[in-house]
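Chains as they are written, first to last, in my numbering: chain A, 4 to 542; chain B, -6 to 231; chain C, 22 to 221; chain D, 68 to 253. Virtual Cβ for every residue (Gly too), placed ideally from N, Cα, C.
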Amino acid sequence: MVALPPCERPRLRCCAASGCRSAGAGPLLAALRAAAAAGDISAGASAAPEPLEVRSVGCLRLCGEGPLLAWDGPEGTRLFGGLTPAAAAALVAQVRGVAPIPLAADPALAGHQLDLEQPFFRLQRPLVLEGCGIVDPECIEDALAHGSYAQLRRVLHELSPEQVREQVRRSGLRGRGGGGYPTGLKWDTVALQPPGRRYVVCNADEGDPGAFMDRSVLEGDPHRLLEGMAIAAYAVGADHGYLYVRAEYPLAIERLRLALQQARQQGLLGSSIAGTAFALELEVRVGAGAYVCGEETALLHSIQGQRGIPRTRPPYPAQAGLWGAPTLINNVETLAAVPVILRQGGDWYAAIGSEGSRGTKVFSLSGAIRHTGLVEVPMGTSLRTVVETMGGGDPDGGAVKAVQTGGPSGGCIPAALFDTPVDFESLLALGSMMGSGGMVVMGQGTAMPEVARHFMAFSVNESCGKCVPCRAGTVQLLALLDRFVAQRATAADLEALEALCTMVKATSLCGLGQAAPNPVLSTLRHFRQEYIAALGPGS
Amino acid sequence: MSVITLQVDGRDVAVPAGSTLLQAIRAAGLSVPTLCDLEGLEPVGACRLCLVELEGSQRLLPACASEASEGQVIRTDTAQLQGYRRMAVELFFAEGNHVCAFCVANGTCELQDVAVAVGMDHSRFPYQYPQRAVDASHPRFSLDHNRCILCTRCVRVCDQIEGAHVWDVAERGSDCRIVAGLDQHWGEVDACTSCGKCVDVCPTGALYAKEDTTAEKHPHPERAGQLRRAREQRQWTP
Amino acid sequence: MIAATPAQDPAQARPRLRLATVWLAGCSGCHMSFLDLDEFLFELAAAVDIVYSPVASDTKIYPEQVDVCLVEGAVANVDNLQLALTLRQRTALVISFGDCAISANVPGLRNLCSAPGRDSARTVLERGYLELADASGQLPFAPGIVPELLPKVLPLHEVIPVDLYLPGCPPSAERIRAAIAPLLVGQRPRIEGSSMLRFG
Amino acid sequence: MSAATPVPAPGAVPQLHPQPGPGPCDGDERIARLIRRQGCQGDGLIEVLHQVQEIHGYLPKPALLQVARALRLPLSRVYGVASFYHLFRLQAPATHRCAVCLGTACFVRGGGRLAAGLQRRLGLALNQTRDDGAWALEQLSCIGACGQAPVLVLDGVLFSAPLVDQPKALDRWLTSLGLPAGVETR
């Protein structure tokens, strides 16, 4: 949540997540703290103002305007973007009310204030991101003060594992990693396996280009995830688990490791958690650069120290996963939604969203769009609302051409279909997919065969090489797309492109290969004229 | 031993519970092309040639790696499957450097056989001509990466039957290749017992005995299954 | 070379088939195998007019209105390319005859020799005429006399549409006969099964 | 097919102690320690390789051999894993590394043009290192800095590239970052 109710005591929240860090949040935070401390000392002699809290928090959503800074005070929250360390003193003076000029007239600050009433913020419905941007992700006391682990304690003392699963079933929650498999059903499948060891795994291998939702949770509110994971472990009878995080997220790994350590110290992980018999050990496993490890059987191989290659299912990981034991694998956002479901009840959660796709979904908006950042909206919100109303459309005022959802496994949806509600089935029906939640907006200047080639190059680079349709088929698809981009394709190439796409989709071993043709098929479906126009002379 | 019954291409067939679809297909007197599968080795479902259609399911199933279950209705030879298989074989030919004319395995090559079986008279996909090496460092055998189709039979037979695990797959995607040891020359890898099982089971001319020249390779893919039966069931084939 | 003997014409009612054979980049082994047809060559000669062939005709210009053309060899130089384009225009049924036409086969091996930034033609010429030459090496250059190599050796179907593929290195005489015989009676041969289809 | 490609130079049989350093066993002892700390479990291979790479900057073969022995894993399996993952390096890294993001957001905002500019300037293809080991040009597939797209990472520091539509201005900007100019394209 970004805007908070008015509070007596002013406070600054500075986003210290990766996006804002790369935009200079580190120096800004240091400058703000220095200015606040200096203010305390200088003011110490006379008025002795309250110490000013400068808190480092997780994502404040509007990443494109970073570094973001929220100022909470008696008049509510004000949000600033793109401040430099040089502006820190002026801002602290404003917060303390000792500035010589009003805020609106301060040249260091005036142009940097962002409108919190704009649809980008107003239409958000933070559930998974409830604490993101408020809690200090490196401080478990703060997380506890904001209610983290309350549901875990309650569940352990008051509910049976079956009752927990009942709530998750009722919530209608579906896997947020892309597949949309009903979470409750998955939990039941693991829980109902013959007695023996079970594992719980959090898939934090967020690899879709243009997707940074999971990273925001990991960096912004890691305790919420750990709580969700612990509840999941309790519900399926697991006493050991792994968080598989991609190595490209160093800050997320650091904060997750810190959070694990803190949770152990607080008795919220380890043996006899919260004074009950429930025990859970969680470990972080770091990937090493392989998109395919987002596929669950490849991920399991990687956790076990092997090449990240998928295997044929069945058996599903819920039946035979890590070391042959039943293993629950859920994505970050799925697990992070669990505490709120337990707190408010499954029925409450199910009332949000649309038929078949319950609850909220976090999307990361990027590309040719005015407001780059993170939004959490009820499922079923239209693409137009997300892309145009919230995202503000094309930054140069032109018309948006399409939005790409689902990353290399998804497709491009043309602007003409933006009234489609965002839910699992609607996006599939358009030849795209929900995916993990990355939305990359394309302007008029983006040529669709080039987009298709971009994704195919990605798939070629990320194919594990096990099965021939993906290993060799994507290479041939890329070569065909090269001909379209170079405007020297033939009608036979178009035929071969479609036939090979169909074959790779139908015969590849895992989801990566099966979905690799989607960017081509969806652009062929919605932007076929661009392929026709790319046919060379004489064809 | 419980028995399950299913239907393959309209024929009813009964097989022991736990059988694979491939075993059921063969029990019905039918066949589907295979390359990576080999009796005696754990299936990997990588070559995708044995994919079959299951009534009531959108997904195609790799017959080698799918367990048969009661009442299934399987189709092995629809026009759709024929089309996919032929394309898969074309992709195999186009991704390596397969020149039958002077190959050691000409005439006994399973890739060549499969091309006949799927009716591949040419490849619609251009040959890639990858740069690949030949390793002739072993005193008795050679590995010609140009002819390797990454079926991993050699990797599996060395690991699962011989127990030496000399071979593994290195790199990824179209760069995948078989490696011995720490990407060493085969002849320098101490773990190799020179048993020759990898050569026996190689479906193409990638692994071969040095004394063999064009069309002289005599593979023995049946040995993997024989050794497995001998070890696990104490049954020997004279 | 093959004299027509009208008295034995088995398909008198039918207009005589105009048959061509073409030799592009290949070893001529397919044509040798064609000559291995032995006595069937007499039957063939009776049934068709061989209008263009390196082994059965002296015609230097590929003629118009050819019914069937067997094309041996890959497309490796500009002459190969020109002839391929011409024959496609003037031929009803083009057959890729043997593995070189179908996959570039042995001539295509030069595609493996390409140094970074150089195509395979340049690489093999430099290797053959400069690197391995004694002091006075030079690249061959004789426009109009020595046909220029194409950057890459290509199978026939990547240059022109092909109607039928007859694999083999070379296709055996029996296979060639089994492919040609149906054509003589106006039928399309079935190229399937190990006897007709196998590469190598 | 033996004619065309010669066998590449053999990685000579790895030896255990070829690392120059303060002490003869310096590198080895560090690796031995980290493997002990990790519990000598084969499933920890990827964790171990990460830490070995932190020590050496890449994964030298002698270190892989030591890891394989300590974890009791087949050599080929260790090599298979080390060569599978993009982030593991089997060669010593270049002195300077310039990585350009080609994630979708960066692609839409001109990342391809940025990459082309860098290739021209450094005279390198993507994922290639200069022979003298001074510069490497790498390709990233989304580092999540989509808000700053298009971005490049120069020796670990992230920069948002402005002006990708103006080649000359882009070139000046790259010069200001310290990228060498005028390397001859090979």
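is_contact[residue i, chain B] using C-beta, thresh 8 Å
i: Ser266 (chain D); result: In the structure as shown, chain D begins at 68 and stops at 253. Residue 266 (chain D) is therefore absent and cannot be evaluated.
i: His178 (chain C); result: yes
i: Pro75 (chain C); result: no
i: Ile123 (chain C); result: yes
i: Lys128 (chain D); result: yes
i: Cys90 (chain C); result: no
Proximity winner among the options, relative to residue i (alpha-carbon distances)
i: Pro168 (chain C); options: C:Ala97, C:Cys190 and C:Ser74; result: C:Ala97
i: Arg79 (chain B); options: B:Asp106, B:Gly64, B:Ile171 and B:Ala56; result: B:Asp106
i: Gly539 (chain A); options: A:Val5, A:Ile372, A:Ala489 and A:Gly413; result: A:Ala489
i: Gln110 (chain C); options: C:Leu204, C:Gly221, C:Gln208 and C:Ile181; result: C:Ile181
i: Trp190 (chain A); options: A:Asp224, A:Pro225, A:Leu159 and A:Met232; result: A:Met232
i: Gly138 (chain C); options: D:Asp95, D:Ala183 and D:Leu191; result: D:Leu191
i: Phe86 (chain B); options: B:Asp114, B:Arg68 and B:Gly64; result: B:Asp114
i: Cys31 (chain D); options: D:His117, D:Ser227 and D:Leu142; result: For chain D, the structure presents residues 68 to 253; residue 31 (chain D) sits outside this window and is missing.
i: Gly3 (chain B); options: B:Glu155, B:Ala56 and B:Val66; result: B:Val66
i: Arg140 (chain B); options: B:Gly156, B:Leu175, B:Leu104 and B:Val172; result: B:Leu104
i: Ala111 (chain A); options: A:Leu126, A:Arg128 and A:Gly84; result: A:Gly84
Backbone secondary structure at residue i - three-state DSSP
i: Phe134 (chain B); result: strand
i: Thr526 (chain A); result: helix
i: Thr192 (chain A); result: helix
i: Arg253 (chain D); result: Since pLDDT at Arg253 (chain D) reaches only 39, below the 50 mark, its modelled position is unreliable, and the value read off the structure follows with that caveat. Coil, per DSSP.
i: Gly90 (chain D); result: Per-residue confidence for Gly90 (chain D) stands at a pLDDT of 37, beneath the threshold of 50, marking its modelled position as unreliable; the derived number appears in the next sentence. If DSSP states are grouped into helix, strand and coil, Gly90 (chain D) belongs with coil.
i: Thr101 (chain B); result: coil
i: Pro13 (chain A); result: coil
i: Ala91 (chain B); result: Note on identity: in this sequence residue 91 (chain B) is His, with Ala being the wrong assignment. Reduced to three states, the DSSP call for His91 (chain B) is coil.
i: Gln215 (chain D); result: helix
i: Glu161 (chain A); result: helix
i: Gly446 (chain A); result: strand
i: Trp160 (chain B); result: strand
i: Ser(-5) (chain B); result: coil
Residue-chain proximity (residue i, chain D), Cβ-Cβ < 8 Å
i: Arg146 (chain B); result: no
i: Phe83 (chain A); result: no
i: Ala163 (chain B); result: yes
i: Trp229 (chain B); result: no
i: Ala202 (chain B); result: no
i: His115 (chain B); result: no
i: Gly47 (chain A); result: Only weak support is given to the placement of Gly47 (chain A): the predicted model assigns it a pLDDT of 48, under 50, and the value that follows is read from those uncertain coordinates. Output row for Gly47 (chain A): interface = no.
i: Val95 (chain A); result: no
i: Pro544 (chain A); result: Absent from the model: residue 544 (chain A). The displayed extent of chain A is 4 to 542, so no value can be given.
C-beta neighbour in chain A for residue i, strict 8 Å
i: Ser243 (chain D); result: no
i: Thr171 (chain D); result: yes
i: Cys165 (chain D); result: no
i: Arg103 (chain D); result: no
i: Gln121 (chain B); result: yes
i: Asp110 (chain D); result: yes
Nearest-angstrom Cβ-Cβ length linking residue i and residue j, presumed shorter than 8 Å
i: Phe134 (chain B); j: Lys203 (chain B); result: 6 Å
i: Glu336 (chain A); j: Val131 (chain A); result: 6 Å
i: Cys96 (chain B); j: Gly198 (chain B); result: 4 Å
i: Phe458 (chain A); j: Pro522 (chain A); result: 4 Å
Residue-chain proximity (residue i, chain C), Cβ-Cβ < 8 Å
i: Ala199 (chain B); result: no
i: Cys141 (chain B); result: no
i: Ala61 (chain B); result: no
Review point. Can you list the beta strand (DSSP E) stretches of 3 or more residues lying completely in the segment 64 to 150 of chain C, in chain order?
Key: 69 to 73, 87 to 93, 96 to 98 and 112 to 118, all fully within the segment 64 to 150 of chain C.
Review point. What are the start and end residues of each continuous alpha helix (DSSP H) run of 4 or more residues lying completely inside the segment 396 to 432 of chain A, in chain order?
Key: If only uninterrupted alpha helix (DSSP H) runs of at least 4 residues are considered, those enclosed by the segment 396 to 432 of chain A are 427 to 432.
Point to revise | Unbroken stretches of the alpha helix (DSSP H), 4 residues or longer, contained in the segment 184 to 236 of chain D | key: Uninterrupted alpha helix (DSSP H) stretches at least 4 residues long and entirely within the segment 184 to 236 of chain D do not occur.
Practice item. Please list the segments of the beta strand (DSSP E) lying wholly inside the segment 208 to 290 of chain A, counting only runs of 3 or more residues, in order along the chain. Key: The segment 208 to 290 of chain A contains these whole beta strand (DSSP E) runs: 243 to 248 and 284 to 289.
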